[in-house]
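Report on the structure given below.
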Amino acid sequence: MATTRRPAKTQGTGAATNESSSTKGRRRRDRPSPRQRLLASATQLFSTEGIRVIGIDRILREADVAKASLYSLYGSKDNLVIAYLKNLDDIWRAEYAARTEALKDPGDKILAFFDQCIAEEPGKNYRGSHFQNAASEFPLPETEAEYGILEAVMDHRRWCRETLSELLTLRNGYPGSSQADQLMLLLDGGLAGTKLAHSVEPLLTARDMARQLISAPPADYSI
Numbered sequence: 001m002a003t004t005r006r007p008a009k010t011q012g013t014g015a016a017t018n019e020s021s022s023t024k025g026r027r028r029r030d031r032p033s034p035r036q037r038l039l040a041s042a043t044q045l046f047s048t049e050g051i052r053v054i055g056i057d058r059i060l061r062e063a064d065v066a067k068a069s070l071y072s073l074y075g076s077k078d079n080l081v082i083a084y085l086k087n088l089d090d091i092w093r094a095e096y097a098a099r100t101e102a103l104k105d106p107g108d109k110i111l112a113f114f115d116q117c118i119a120e121e122p123g124k125n126y127r128g129s130h131f132q133n134a135a136s137e138f139p140l141p142e143t144e145a146e147y148g149i150l151e152a153v154m155d156h157r158r159w160c161r162e163t164l165s166e167l168l169t170l171r172n173g174y175p176g177s178s179q180a181d182q183l184m185l186l187l188d189g190g191l192a193g194t195k196l197a198h199s200v201e202p203l204l205t206a207r208d209m210a211r212q213l214i215s216a217p218p219a220d221y222s223i
């Protein structure tokens with residue numbers, strides 16, 4: 001007598017579904033938050049193309065974030081610009097700290113400002129200073145947020161100048177605010193020249209001039 005075989009049960013369908021759900025859940029957990037995605041997209045766009053030329057819709061599309069999220073998290077595009085500049089400043093200070101951690105001589109730490117800019121520029125496609133670029137886009141601020149953008153730029157510059165002044169004082173034994181202004185001028189000029197020349201040569205020249213400046217003996221005003 002023939003026996004009827006029951007169809008074998010299909011194995012693995014439920015497991016595959018569970019695995020797919022688990023993978024999707026893990027991806028959602030690993031994905032940066034809307035705030036992080038907005039800042040990352042803004043940083044990429046502002047630093048490579050400029051600020052005013054980039055519209056809100058472009059940022060939202062790149063970040064895959066709803067417009068309501070941008071306004072709830074940052075309030076406006078201008079506030080996102082401020083966050084972008086503050087984040088750049090934090091990154092720059094952290095990288096400078098890492099670069100100078102093993103350096104003992106204040107003169108070497110001064111030249112590290114130039115070394116860091118020289119190292120960065122090729123990877124930035126010779127965009128020069130993002131802080132200078134931002135300030136140039138808001139020459140006549142009108143709103144509180146636009147003034148906030150310029151203040152974020154100046155916060156970075158104040159930190160650079162104060163750090164240079166402190167290092168000069170350590171090196172020379174007397175206040176170095178005047179020489180710090182001269183070094184800032186060299187750094188500004190080197191970055192602007194690098195952007196125009198699409199080369200680090202202007203920064204290399206500025207570094208050499210800075211080395212000569214800090215190596216020169218102090219002026220003797222005795223009679």
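The sequence shown stops at residue 223 when you use the UniProt record's numbering, and every number in between is there. Where is the CB? At the ideal position from N, CA and C, for every residue including glycine. Since the model is a prediction, treat every value here as computed from it, not as a measurement.
Beta-carbon to beta-carbon, LEU140 and TYR84 are separated by about 21 Å, too far to satisfy the 8 Å threshold. Residue LEU191 holds the alpha-carbon nearest to the alpha-carbon of ALA206 among GLY50, LEU191, VAL81, TYR74. Rounded to the nearest whole angstrom, the C-alpha separation of LEU88 and SER41 is 13 Å. The three-state reading of DSSP puts SER76 in coil, since its state is none of H, G, I, E or B.
When DSSP states are grouped into helix, strand and coil, VAL153 belongs to the helix group.
If the five residues before and after LEU186 are omitted, its C-beta is found closer than 7 Å to the C-beta atoms of ALA206, MET209, ALA210, all from its own chain and listed in chain order. For ARG99 against PHE131, the beta-carbon gap comes to about 18 Å, at or over 8 Å, which does not count as contact. Check the Cα spacing between ASP78 and each of PHE46, GLY107, ALA66: the tightest is with PHE46. Counting only residues of its own chain and dropping the five nearest sequence neighbours on each side, ARG171 has a CB closer than 7 Å to the CB of PRO106, GLY107, ILE214. The beta carbons of LEU73 and PRO34 sit about 7 Å from each other, so the pair counts as a contact at 8 Å. Contact check for GLN36 against GLU62 fails: the beta carbons are separated by 9 Å or more. DSSP places SER129 outside both helix and strand once states are collapsed to three, so it counts as coil. In this structure, ALA145 lies near VAL81, with their beta-carbon atoms less than 9 Å apart. Between ALA134 and ALA152, the C-beta gap is smaller than 9 Å, which places the two residues in contact. About 14 Å separates the beta carbons of ILE110 and LEU203, which is beyond the 8 Å limit, so they are not a contact pair.
Residue environment: LYS67 is assigned as exposed (fewer than 16 neighbouring CB atoms within 10 Å of its CB, all protein chains considered). Look at LEU170 here: in three-state DSSP terms it is helix. Burial of GLU120 is indicated by the presence of at least 16 other C-beta atoms within 10 angstroms of its C-beta. In this structure, GLY128 keeps its C-beta atom at 9 Å or more from the C-beta atom of THR48.
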